[in-house]
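Just below is one structure, and these are the notes that go with it.
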Amino acid sequence: MSAASRAPRWYEDGALHFGLGIEDTFVPQGGPGERPIDEYELTDHYARYSEDLGLASDAGATFMRWGVPWHRVNPERGVWDWSWVDRVVDRFGELGLRPVIDLLHYGTPLWLDGQFSNPDYPQVVAEYGVAFAERYGDRVTDYTPVNEPMIHALFCGVYGYWPPYLTGDEGLTTMVRALGEGFVRTQRGIADVLGDRATFMHVDASMRYAGDVHGEHRATAERLRHQAHLVEDLVTGRVVDQHPLVGVLRGHGMDDASLAWFADHAVRPDIVGVNYYPRISTELFEEGVHHGGGFADPRPAQDAGVDGLVEVLLEAERRHGAPVMLTETAVTAPVADRVAWLHESVAAIRTLRSLGHDIAGYTWWPVFDMYEWTYRHGTAPREEYLLTMGLWDLVEDGSGGLDRLRTPVADTFRALATDARANGALPEKRWAA
């Protein structure tokens, strides 16, 4: 159904909506030299969920991107334990805080052998998404089927960091095909349950490249620019004969029948989410220097500030023709730097809106600090991996728990989020109706 033939949705009212997120990376598989990552466990969110959602409400957020711990709610195929999620969803309702559900934030359940490379993965993840929608669809209508699918593809399928530890173009193709099919089946399954009430926010990481991108690194930089959008291109039916990476996919196991399936079952985003971190989202190519990328061999990062932010938001708007949201942003830095980025990034978005661009939301990620993914391959206590990037700092309480310490970043966010005049609908815009 087109926007013109249904009632306007919450993000179509012309206002700038402010939201927060709780870091929800789940890679529950451990092994020699590898610790499981469960950010909810690391940040004490399982015990303090009620307080944590209250923090978001207190900061003036009207929505929260929040992830379901699939590995916990689905301990066996077809077996569900929703008891903790029930309490969380009830708390969202008590606060009047809109949940935007991250269904998949990197990890699969422990029982799924081969993880994303398991041939049953697309059906299994769709069963999970549909089960959630059937249980909570009366209260939860906004979904991200897969958060940052290209980061999934890189970490699990190119760099071999996370299960199923695939590498190279063959690993990339395996991951892209599996993630894409699961994405499509999940979105279509939820839409079957909720009908026109369902809203789908497609979210991926912005990946920018600067420096020597027109010299010796030109071909690599050009490929990476296209690769950053590959899963979204696939699920929206855009990987056709003219696509720059269709040859890579065909050369590593994706046949014409698979490509035709995606074209025939294409899904579309209602909202396009862009994750942008000014100090890490732009990688720098240097003349005479070659890096493989990732944790093992990273390229240096360039702080692209608001210029990079504006570029990625406008690119998302151009590519998809749908409302755009900044779905993650922050700087890992002292409070003063966090406050400065809040002001700079919000000002940039307000300027874009004043020029007629359909930027509907702003999300600071996360509401409180998180722990670096290198925790998985480390041995030090969790405090050694703390990333200070929240509105609240996490502080060890001396007995294994974590206190939430409010910072001036929270006060700044609240002031910006509750400024009705600055965030209201602009009269000259033609909003969807």
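Using the working numbering, read the sequence shown as starting at 4 and increasing by one per residue. Ideal Cβ placement from N, Cα and C applies to all residues, glycine included.
A contact is defined here as three or more CB-CB pairs under 8 Å, and the stretch 20–30 meets this definition with respect to the stretch 363–371. In the three-state scheme derived from DSSP, where H, G and I count as helix and E and B as strand, A231 is classed as coil. Secondary structure of I362 (DSSP, three-state): strand.
CA-to-CA, the gap between L390 and F288 works out to about 26 Å.
The beta carbons of L312 and A351 sit closer together than 8 Å. In the displayed model, H220 falls within coil according to three-state DSSP, outside both helix and strand. Put simply, the backbone Cα of A333 is about 6 Å away from that of Y280. When the alpha-carbon of A423 is set against those of G63, G214, G185, the nearest one is in G63. Only residues of its own chain outside the window of five on either side were considered, and among them I25, E26, F371, D372, M373, Y374, L397, L405 have a CB closer than 8 Å to the CB of T46, listed in chain order. A distance below 8 Å separates the beta carbons of Y212 and L227.
Each of R282, L248, G427 was checked against the Cα of D306, and the nearest Cα belongs to R282. Annotation: the continuous alpha helix (DSSP H) that includes T189 extends over 171–197. Inside the stretch 32–97, DSSP marks whole alpha helix (DSSP H) runs of 4 or more residues at positions 42–45, 48–61, 73–76, from first to last along the chain. Boundaries of the beta strand (DSSP E) harbouring Y146: 145–147, taken from the DSSP string. Per the coordinates, the alpha-carbon of D41 lies some 23 Å from the alpha-carbon of A136. Cβ neighbours of I274 within its own chain (closer than 8 Å, five residues either side excluded): Y14, T202, F203, M204, H205, A325, P326, V327, M328, A363, G364. Between E151 and the set G403, N426, E331, the nearest pair of CA atoms involves E331. In the structure shown, H293 adopts coil according to DSSP, grouped into three states.
Selection G427, H229, E347 evaluated against T415 yields E347 as nearest (Cα-Cα).
By the C-beta density criterion, P166 is buried, having at least 16 other C-beta atoms within 10 angstroms.
With respect to the 8 Å criterion, M257 and T170 are not classified as neighbours on the basis of their beta carbons. Between E320 and D361 a beta carbon distance of about 7 Å is seen, short of the 8 Å cut, so the two are scored as contacting. Residue environment analysis places R75 among the buried positions, since at least 16 neighbouring C-beta atoms fall within 10 angstroms of its C-beta.
Closest in alpha carbon position to E235, among I154, R353, W73, is I154. Under DSSP, V277 forms a beta bridge with D207, L329.
For H268, the CB contacts under 6 Å within the same chain, skipping 5 residues up- and downstream, are V187 in chain order.
Contact annotation, V315 with V277: C-beta distance approximately 5 Å; criterion of less than 8 Å satisfied. Where I352 is concerned, the enclosing alpha helix (DSSP H) starts and stops at 338–357. With a threshold of 16 other beta carbon atoms within 10 Å, P411 falls short and is exposed. A buried status is given to R101, since no fewer than 16 other beta-carbon atoms sit within 10 Å of its beta-carbon. Comparing alpha-carbon positions, the option among I193, E173, Q118, A299 lying closest to G254 turns out to be E173. Distance from the CA atom of F29 to the CA atom of W344, rounded to whole angstroms, is 28 Å. Counting only the Cα atoms, T147 lies some 29 Å from G34. V242 is positioned such that its CB atom lies closer than 8 Å to that of V249.
By the 16-neighbour rule on beta-carbons within 10 angstroms, R356 is buried.
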